[in-house]
Amino acid sequence: EWFFTEHDLAEKSAVYCREATRLSAAAAELAMDRAGWQAAEVDYIIYVNTTGLATPSIDARLINVLGLRPEIRRTPIWGLGCAGGAAGLSHAHHYALAHPEARILVVTTELCGLTFLPHDASKANLVATALFGDGSAAAAVSGDQVAGSGLTVLDTRSRFFPDSLDVMGWTVLQEGLQVVFAKRIPQIVEETAAADLGGFLAMHDLKIADMEAFLLHPGGTKVLEAYQTALALEPAQLDLPRSVLRDYGNMSSATVLYVLERYLEQREPGRGGFGMVSALGPGFCSESLLVGL
């Protein structure tokens, strides 16, 4: 019923601020509990989103809600869309390299439903409404001096595609955020993924065929099909991201963390090997991580 009434950007931002704080706190508490961390032990919080506006940003509100210590470092990341979750993990990794004793929370909450414009009959709006969902997730990332049992980030890579500002993003209107969603996104993936990810792996004397797990952001069915074609994968190799898309939809930056969680739930202890985490977002850009399984 809420969507049958007009709401402007100010109203939607207020809803985002309230609900994102609540959902983010729950996700962060779950991540800390699984990692065995106390709130006072967290050194750095990174908050990622693209679907709502708040200043002070949600990370500042989480410091109060979670009881994080006043000396904590914080960084809000806004505007990377679906690439934001992977970018947040990358930022956490590089901080952990410099501070091996650090405990870092990466939190992302996206309320994609708030961007629905009921009077926008454009194909992009209709596709986005069908594809995107709401989601909140958090990851506990630590340096080498902190015990952990998750995946190991070995390296990260960012890739910017010049002259592609029109591929994905928002048009800011008085009534909210109007999606920009080019239909050529799968084509871009099919034409660039092999060189992008293959080049990244070559820096470590690895190939696509050496990857045991493809923990890709499931931007949509056609995007996954484009990855499958570009990387010469079997359909089963993308079953995990495909299952997250089926169960939750595309939750923008939070989605890749859902993929990682599902992998950890299914992982064979002590399996070893390498995996690839990758996501695409506005810019147009990709954010990728090579991980040890």
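Every number in the numbering used here is 4 more than the matching position in the sequence shown, counting from 1. C-beta: ideal position from N, C-alpha, C; glycine also. It should be emphasised that the depicted structure is a prediction, and the values quoted were computed from it without experimental measurement.
If contacts are defined as beta-carbon pairs under 8 Å, then Ser-140 and Thr-113 qualify, I think. What distance do you get, rounded to the angstrom?
About 4 Å separates the two Cβ atoms, so the contact holds.
Please name the residue in Leu-101, Pro-104, Met-36, Val-111 whose C-alpha comes closest to that of Pro-80.
Of the candidates Leu-101, Pro-104, Met-36, Val-111, the one whose C-alpha sits nearest the C-alpha of Pro-80 is Val-111.
Where does Met-36 land, buried or exposed, given buried means 16+ other C-beta within 10 angstroms?
Answer is buried; the Cβ neighbour count reaches 16.
Mark Leu-169 as exposed unless 16 or more other C-beta atoms lie within 10 angstroms of its C-beta, in which case mark it buried.
Classification of Leu-169: exposed, given that the 10 Å Cβ count is below 16.
Measure the C-alpha to C-alpha separation of Val-69 and Ser-17 and round it to an integer number of angstroms.
Each residue's Cα considered, the two are about 19 Å apart.
Pick helix, strand or coil for Ala-125, following the three-state DSSP scheme.
In the structure shown, Ala-125 sits in coil (DSSP, three-state: anything other than H, G, I, E or B).
Nearest-angstrom Cα distance between Ser-94 and Asp-124?
Whole-angstrom Cα-Cα distance: 35 Å.
How about Arg-78: is its Cβ closer than 7 Å to a heavy atom in the ligand ZN?
The ligand content of the structure shown is nil, which means the ligand ZN is not present either.
Could you pull out every residue in the same chain whose Cβ sits closer than 6 Å to the Cβ of Glu-105, ignoring the five residues on either side in sequence?
Contacts found: Gly-147, Gln-149.
Whose C-alpha, out of Ala-43, Arg-22, Ala-64, is nearest the C-alpha of Ala-144?
It is Ala-43 whose Cα lies nearest to the Cα of Ala-144.
Between Leu-181 and Asp-63, what straight-line distance do the alpha-carbon atoms span, to the nearest angstrom?
The straight-line gap from Cα to Cα measures roughly 22 Å.
Relative to the alpha-carbon of Asp-251, which residue among Ala-240, Ala-230, Thr-225, Glu-291 has its alpha-carbon at the smallest distance?
If we check each option's Cα against that of Asp-251, Thr-225 comes out closest.
When the Cα atoms are used, what is the spatial distance from Leu-294 to Leu-84?
Those two C-alpha atoms are separated by around 20 Å.
In angstroms with no decimal places, state the Cα-to-Cα distance between Val-263 and His-208.
C-alpha separation (whole angstroms): 24 Å.
State the start and end residues of the unbroken beta strand (DSSP E) segment that holds Glu-216.
It spans 215-220 - the beta strand (DSSP E) in which Glu-216 sits, taken as one unbroken run.
Which word fits Phe-288, buried or exposed, when buried means at least 16 other C-beta atoms lie within 10 angstroms of its C-beta?
When all chains shown are included, Phe-288 counts as buried.
Pick helix, strand or coil for Met-255, following the three-state DSSP scheme.
Met-255 falls in the coil class under three-state DSSP.
By Cβ distance, which residues of its chain are closer than 6 Å to His-221, with the 5 residues on each side in sequence left out?
Excluding residues within five positions, the ones whose Cβ falls inside 6 Å are Cys-86, Thr-259, Val-260, Ala-283.
From which residue to which residue does the alpha helix (DSSP H) around Arg-77 run?
Unbroken run through Arg-77 is the beta strand (DSSP E), 77-82; no alpha helix (DSSP H).
What's the C-alpha gap between His-103 and Leu-219?
Their Cα atoms are separated by approximately 26 Å.
Check the DSSP bridge columns for Val-131 and list the partner residues they point to.
Bridge partners of Val-131: none, in fact.
For Gly-137, I'd like the list of residues in its chain whose CB is within less than 8 Å of its CB, leaving aside the five on either flank, ordered along the chain.
Hits under 8 Å: Cys-116, Gly-117, Tyr-252, Gly-253, Asn-254, Met-255.
Which term fits Val-281, buried or exposed, when burial requires 16 or more other beta carbons within 10 angstroms of its beta carbon?
The residue is buried, with at least 16 neighbouring Cβ atoms inside 10 Å.
Could you check how far apart the C-beta atoms of Gly-296 and Thr-156 are, in whole angstroms? I think they sit under 8 Å.
Contact flag correct, Cβ pair sits at about 4 Å.
Cα-Cα, which of Leu-72, Phe-164, Ala-186, Cys-21 is closest to Leu-130?
For Leu-130, the nearest C-alpha among the options comes from Ala-186.
When you compare each of Arg-73, Tyr-51, Glu-195, Ala-100 to Leu-235 by their alpha carbons, which one comes out closest?
Checking every option, the nearest Cα to that of Leu-235 belongs to Glu-195.
Is the distance from the Cβ of Gly-286 to the Cβ of Ala-230 below 8 Å?
Note that residue 286 is Pro in the sequence shown here, rather than Gly. No, the Cβ-Cβ distance between Pro-286 and Ala-230 is not below 8 Å.
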